[in-house]
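Participant: One structure follows; several queries about it will come next.
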Amino acid sequence: EIDLKSIALQISPPENMSADLVALVVGMVTAVVGLAGPTGVDGGSAPFCVGPESCTLSGVCGQGGTTCLCDPGFVGPRCASLALSGQMHTVITNLPAHANGTTVGTVWGGHALADSSGALHWYGSAIKDNKPLGAWATASTIAHARANHPDCTDSGSGSSACTASAGNATFSLDNIVLEGDGGMGWAGGSLHGVYLVQNPSPWANQTDAWLIYFTGFTVVDPLASRKIGVAYAPTLAGPWSMWPVPLLTPNTNMTAVDTSSVSNSAPFFDRDGTGRVLVAYKGLGVAAPSKPVCTDGSGRPCIFVAAASHWTGPYAHVTANAGGAVMEGEDPTLWQDSRGGWHLIKEHYIDGGLGGVGGHCVSQTGLSDWQCTDPSTWYTTRVVLDGTPVTLGQRERPQLVFNSAGDPIALYNGVRIASGTACFNAVMPFNSTALTQ
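For the sequence shown, counting from 1, position 355 maps to 518 in this note's numbering; every step adds exactly one.
Okay, structure coming up:
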């Protein structure tokens, strides 16, 4: 039996192949992999599909249970892979200096959304004072950049047309919206790991209509005890206020794993309209000489999910306290599909961190029984960037944006080209055919 998926993942076009030819090859392989349904456990046509779990909660059974019919945005025999176009576009590199003299050396992560007037707003991590990405734990801030884009005019918040094509817009630094105050508090130092989300159940005065989750660092020994905080604003343009206390702190249950630090958060509000929010995050335990999985210094972090009835908390360390199997990896993106199932994609590290790949995990409840697919759904370092085939040295901080139907339409990443040192933000739209099937 030919494993088309494995073949697709191993494709590495030669450096001198034209961008058009690379895109054609990627598109053809994606189409073949997406159309080739599984043949059943015996390699024939025996039914294998018994429910959404058989299709990674990303499709439904068809043809008498012998195939999966994938939801928009997903492909593959069991609908586990993101239907990405293979065409990546630069969104933001080093932002130009602001009028107040602020300079930004590196941007990392984040994504852009559109407001009702047609303006695109990007929020992400910005390393100030022209420092490199390596200063993320000591010099990172939360930055806002904006741009106008013709596809965004009167399109409404989160429009698929403009958020998926943000690489065609020219962003300029609006301001550093939040940074550490240099004091001795939990977020006196660096603010990193920025994740923008709309609040579907804001207060009556709408002052918390938009939220930014982030990781706060102390000035002294910043890596010792990272915590997750939030800022809130009435509009995408701000103004932003920091909630005075961290939302999620290291676990006080010393039998759990996430007792040293929590970081890299990804929130998503339950579609039931109650205001309940789930947050996927990276959790680490106290360093140990043997460096077991999920502990400081192991190089093998783990992802957990916390929950609260309101964004202000309190948050329960649900999956960490439950024990059992853990999800290795970091930098999650979390969402709930239209049928109520929960998904996350992540960076997944194997062989002690030597082989980085992307994973797709699913759960019916979001708080238990998370199951991860073969870790191969979105991560590839061979892409067409702004029309040129390149090899990426880093591709991290995955953040998805969705259309009004809840379908994923674009993937944002923090990236670095293998042959260079500059880090920047980039977006890759999904295949348009995968969104209209």
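We treat Cβ as the ideally placed atom computed from N, Cα and C, and that holds for glycine.
So, with DSSP's three-state summary, where would you put P215?
Facilitator: On the sequence shown, position 52 is the one that residue 215 refers to. Three-state result, P215: helix.
Participant: If you reduce the DSSP assignment to three classes, tell me which class T585 lands in.
Facilitator: Working through the sequence shown from its first residue, we reach residue 585 at position 422. The question names Thr, but residue 585 is Ala in the sequence shown. Residue state, collapsed to three classes: coil.
Participant: Under DSSP, the beta strand (DSSP E) around T482 begins and ends at which residues?
Facilitator: As a working mapping, residue 482 is identified with position 319 in the sequence shown. That residue, T482, is in no beta strand (DSSP E); its alpha helix (DSSP H) goes 481–485.
Participant: For F380, which beta-bridge partners are listed by DSSP?
Facilitator: Numbered from 1 along the sequence shown, position 217 holds the residue referred to as residue 380. Paired residue(s): none; F380 is not in a bridge.
Participant: Nearest CA to the CA of T336: which residue from W505, P235, G492, I305?
Facilitator: Taking the sequence shown and counting its residues from 1, the one referred to as residue 336 is at position 173. The question names Thr, but residue 336 is Leu in the sequence shown. The option with the nearest alpha carbon to L336 is I305.
Participant: Looking only at its own chain, which residues have a Cβ that is under 6 Å from the Cβ of P495, when we skip the five neighbours before and after it?
Facilitator: Position 332 of the sequence shown holds residue 495. Once the five neighbours on either side are set aside, the close Cβ partners of P495 are A429, A443, I466, L507, K509.
Participant: Any idea which residues DSSP pairs I339 with across the strands?
Facilitator: For the purposes of this step, residue 339 is taken as the residue at position 176 of the sequence shown. A306.
Participant: Rounded to whole angstroms, what is the Cα-Cα separation between D421 and C218?
Facilitator: Counting from one through the sequence shown, the residue named residue 421 turns up at place 258. Counting from one through the sequence shown, the residue named residue 218 turns up at place 55. Cα to Cα, D421 sits roughly 31 Å from C218.
Participant: Let me make sure I understand the geometry here. Which of Q250, T269, G239 has the alpha-carbon closest to that of C586?
Facilitator: Counting from one through the sequence shown, the residue named residue 586 turns up at place 423. For the residues Q250, T269, G239, the minimum Cα distance to C586 belongs to T269.
Participant: Whole-angstrom Cβ separation of H252 and D570, contact assumed at under 8 Å?
Facilitator: Translated into positions along the sequence shown, residue 252 becomes position 89. Translated into positions along the sequence shown, residue 570 becomes position 407. Contact flag wrong, Cβ pair sits at about 20 Å.
Participant: For L232, I'd like the list of residues in its chain whose CB is within less than 7 Å of its CB, leaving aside the five on either flank, ordered along the chain.
Facilitator: In the sequence shown, residue 232 corresponds to position 69, counting from 1. Once the five neighbours on either side are set aside, the close Cβ partners of L232 are G222, V223, G225.
Participant: Going by the CB atoms, is the gap between Q557 and V578 shorter than 8 Å?
Facilitator: Against the sequence shown, residue 578 aligns to sequence position 415. Against the sequence shown, residue 557 aligns to sequence position 394. Cβ distance < 8 Å, so V578 and Q557 count as in contact.
Participant: Assign W533 to one of two classes, buried (16 or more other C-beta atoms within 10 Å of its C-beta) or exposed (fewer than that).
Facilitator: Position 370 of the sequence shown holds residue 533. Counting Cβ neighbours within 10 Å, W533 comes out buried, since at least 16 surround it.
Participant: Is the distance from the Cβ of A394 to the Cβ of I339 below 8 Å?
Facilitator: Your numbering for residue 394 matches position 231 in the sequence shown. Your numbering for residue 339 matches position 176 in the sequence shown. Their beta carbons are not under 8 Å apart, which means A394 does not touch I339 by this criterion.
Participant: Does the distance from the CB of V383 to the CB of S423 come in under 8 Å?
Facilitator: Here residue 383 corresponds to residue number 220 of the sequence shown, with the count starting at 1. Here residue 423 corresponds to residue number 260 of the sequence shown, with the count starting at 1. Cβ distance not < 8 Å, so V383 and S423 don't count as in contact.
Participant: State the Cα-Cα distance for the pair I391 and L411, rounded to the nearest angstrom.
Facilitator: Along the sequence shown, one-based indexing puts residue 391 at 228. Along the sequence shown, one-based indexing puts residue 411 at 248. If I take the Cα positions, the gap works out to 5 Å.
Participant: Would you tell me roughly how many angstroms separate the C-alpha atoms of S582 and T554, rounded to the nearest one?
Facilitator: On the sequence shown, residue 582 is found 419 positions in, with the first residue counted as 1. On the sequence shown, residue 554 is found 391 positions in, with the first residue counted as 1. Distance between the alpha carbons of S582 and T554 is about 8 Å.
Participant: Once DSSP output is grouped into helix, strand and coil, what is the label at A609?
Facilitator: The displayed coordinates of the chain run from 164 to 600. Any statement about residue 609 would go beyond what the structure contains.
Participant: Distance check for S453 and A568, CA to CA, integer angstroms please.
Facilitator: Here residue 568 corresponds to residue number 405 of the sequence shown, with the count starting at 1. Here residue 453 corresponds to residue number 290 of the sequence shown, with the count starting at 1. Whole-angstrom Cα-Cα distance: 47 Å.
Participant: Could you check which residue in D292, G446, I255, V564 has the C-alpha nearest to that of A332?
Facilitator: Position 169 of the sequence shown, counted from the start, is the residue given in the question as residue 332. Minimum Cα distance to A332 is reached at I255.
Participant: Let me know if W498 comes out buried or exposed under the rule of 16 or more other beta-carbons within 10 Å of its beta-carbon.
Facilitator: Position 335 of the sequence shown, counting from 1, holds the residue named residue 498. W498 should be labelled buried.
Participant: Does the beta-carbon of L411, which I'm using as the reference point, lie nearer than 7 Å to any heavy atom of the ligand MG?
Facilitator: Annotation note on the ligand MG: not contained in the displayed structure, which lists no ligands.
Participant: Look at the alpha carbon of P365 and the alpha carbon of G401, and state the distance between them as a whole number of angstroms.
Facilitator: Taking the first residue of the sequence shown as position 1, residue 365 is located at position 202. Taking the first residue of the sequence shown as position 1, residue 401 is located at position 238. Their Cα atoms are separated by approximately 15 Å.
Participant: Could you pull the DSSP bridge partners for H252 from this structure?
Facilitator: For the purposes of this step, residue 252 is taken as the residue at position 89 of the sequence shown. DSSP, once it has assigned bridges, lists V590 as partnering H252.
Participant: Hey, does A400 have any beta-carbon neighbour from chain D nearer than 8 Å?
Facilitator: No chain D appears in the structure shown, which is made up of a single protein chain.
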